[in-house]
Ligand SMILES: [Zn+2]
């Protein structure tokens, strides 16, 4: 007899909704599914999830797991994920194209996607559940297989059939692009920062002219014949490229445009499936001028590229995990032009570092006419920490203290203006107030936001994790609380974006 016999019987009868958690076992009723003569359901037994399979047929045989009393308990391995993908289409990541809004929901922990699915279900937006950059993988010690596996199993767990994407975020080198596409990623965010010359802005007009004159003649001819002293109407505004403006833009963006073209022709055009191809030019020294955005777009389309989205750097500051900092009126003026350019060419505007930008979400929703891609990541980690602060204050206190001691190291990876002196001392905050005091205050949010890698990888002298194991175990026990946090917080993002 398997200890899962009662559940197996209910699965066979096709009704698991009456099975309540017992003996540490939880059943996920939305996961109930069947293919041929095999029925499956996902459960959690003592913090470990399994897919239980009953019946007979190739699906049952292909899943790996231990069989007892006719029930196969299959761990959530990469191999089993591929089998689930083969039999259940909706568990395979997909591309979305440009006609529907999407939200990137980077999940650094690999446990947030069920809550994200509950957040987007029924809304007019689709989730990119898997979204990680190489930097995040390095800081969390995860790999791309795990990232996609977690998203696919979440779709299975929740029986979510509206589709989800997988974004290889901020990829810069071809080896990583090949890896991500090979693993089934459906979106590629090409980070062109290494081809964008940030030194040009700091040069004098004479230095820029000299540098431009040193470019190959055919390059100069190419751009001059298309843009020099010509008038373009972009989003209702007229723009002309004089010699100086054109030279500057060619110097800053020319090599990046060539790089985008190369990657598109080599990987996107030749892919065996649809890929949502995003261009990111947001990691620059200064905000992207509307005419620069236009020139990049015009060149790409003239060279035969079609893109899913473009992420310019907007005016003001999009710092991690806190609201927009800057002049909202000026932001709106420029956003109207950026959104107009995207609209003219047919792609979506992409908003990076979109976590918690509540004051500008309504403007973004309005001027993109609801066709946008907004990326969030850190805020999902912060909601996990908020949950821990509520249910395991002791663990939160130790993490907070460690973060304070290692803050400087973390600033090597992220640009923030955190003022540690504004963070309330731990010994003056009661357990019941930890979550609100720290997770609703910008400086503390940033402290915890940028130290995620340090906190998750911290080990004691014996090599035992200082926080990670207890953190995961707490969130597994409190998964409903974590989901509620995400539903409320990410839901607020979507409400303000008009979705
Ligand atoms: Zn970015």
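In UniProt numbering, the protein residues as written are 1 to 499. C-beta: ideal position from N, C-alpha, C; glycine also.
Exposed unless 16 or more other CB atoms sit within 10 angstroms - verdict on residue i
i           : result
residue 207 : exposed
residue 517 : For residue 517 there is no data in the structure shown, the boundaries of the chain being 1 and 499.
residue 201 : exposed
residue 313 : buried
residue 340 : buried
residue 216 : exposed
residue 494 : buried
residue 461 : exposed
residue 33  : buried
residue 184 : buried
residue 349 : buried
residue 113 : buried
residue 309 : buried
residue 300 : buried
residue 483 : buried
residue 218 : exposed
residue 268 : buried
residue 390 : buried
residue 386 : buried
residue 157 : buried
residue 275 : buried
Option in the options with minimal Cα separation from residue i
i           : options            : result
residue 118 : 498, 497, 480, 446 : 480
residue 490 : 249, 327, 144, 125 : 125
residue 307 : 384, 96, 11        : 96
residue 147 : 99, 77, 100        : 77
residue 407 : 393, 423, 392, 394 : 423
residue 289 : 338, 369, 122, 323 : 338
residue 533 : 164, 159, 204, 135 : Not covered by the structure: residue 533. The range shown for the chain is 1 to 499.
residue 356 : 39, 37, 230, 318   : 318
residue 293 : 241, 115, 320, 268 : 241
residue 249 : 273, 209, 342      : 209
residue 90  : 31, 231, 143       : 31
residue 418 : 446, 391, 335, 412 : 446
residue 231 : 309, 266, 488, 291 : 291
residue 235 : 115, 304, 335      : 335
residue 402 : 164, 444, 176      : 444
residue 72  : 87, 58, 54, 79     : 54
residue 29  : 310, 42, 267       : 42
residue 160 : 331, 122, 433, 386 : 122
residue 16  : 40, 35, 36         : 40
Enclosing alpha helix (DSSP H) for residue i [first to last residue]
i           : result
residue 393 : 393 to 405
residue 257 : 243 to 263
residue 434 : 434 to 439
residue 335 : 328 to 345
residue 174 : 174 to 182
Range of the contiguous beta strand (DSSP E) that encloses residue i
i           : result
residue 191 : 187 to 191
residue 27  : 25 to 35
residue 41  : 38 to 45
residue 372 : 372 to 376
residue 466 : Run containing residue 466: none; DSSP gives neither H nor E here.
residue 166 : 165 to 171
residue 276 : 276 to 280
Pair within 8 Å by beta-carbon distance, residue i and residue j
i           : j           : result
residue 496 : residue 358 : yes
residue 186 : residue 278 : no
residue 352 : residue 369 : no
residue 322 : residue 296 : no
residue 24  : residue 45  : yes
residue 52  : residue 19  : no
residue 2   : residue 69  : yes
residue 475 : residue 388 : yes
residue 224 : residue 251 : no
residue 101 : residue 371 : yes
residue 316 : residue 304 : no
residue 56  : residue 67  : no
residue 99  : residue 473 : no
residue 170 : residue 320 : no
residue 75  : residue 164 : no
residue 176 : residue 182 : no
Beta carbon proximity, residue i to chain C, threshold 8 Å
i          : result
residue 96 : No chain C appears in the structure shown, which is made up of a single protein chain.
Distance cut-off 7 Å: residue i Cβ against heavy atoms of ligand 2
i           : result
residue 408 : Ligand 2 is not part of the structure shown, which contains ligand 1 as its ligands.
Are the segment 189 to 205 and the segment 266 to 283 touching by the rule of at least three beta carbon pairs closer than 8 Å?
-> yes
Does the segment 398 to 409 come close enough to the segment 458 to 468 to have 3 or more Cβ pairs within less than 8 Å?
-> yes
Assess, as a yes-or-no matter, whether the segment 256 to 265 is touched by the segment 145 to 163 under the definition of 3 or more beta carbon pairs within less than 8 Å.
-> no
Could you say if the segment 83 to 95 and the segment 50 to 70 meet the contact criterion of at least three C-beta pairs nearer than 8 Å?
-> yes
Touching or not, the segment 382 to 394 and the segment 435 to 443, by the rule of three or more beta carbon pairs under 8 Å?
-> yes
Touch check for the segment 130 to 141 and the segment 98 to 112: three-plus C-beta pairs under 8 Å?
-> yes
Do the segment 136 to 144 and the segment 451 to 461 meet, that is, are 3 or more Cβ pairs less than 8 Å apart?
-> yes
Would you be able to state if there are at least three C-beta pairs under 8 Å between the segment 363 to 380 and the segment 421 to 433?
-> no
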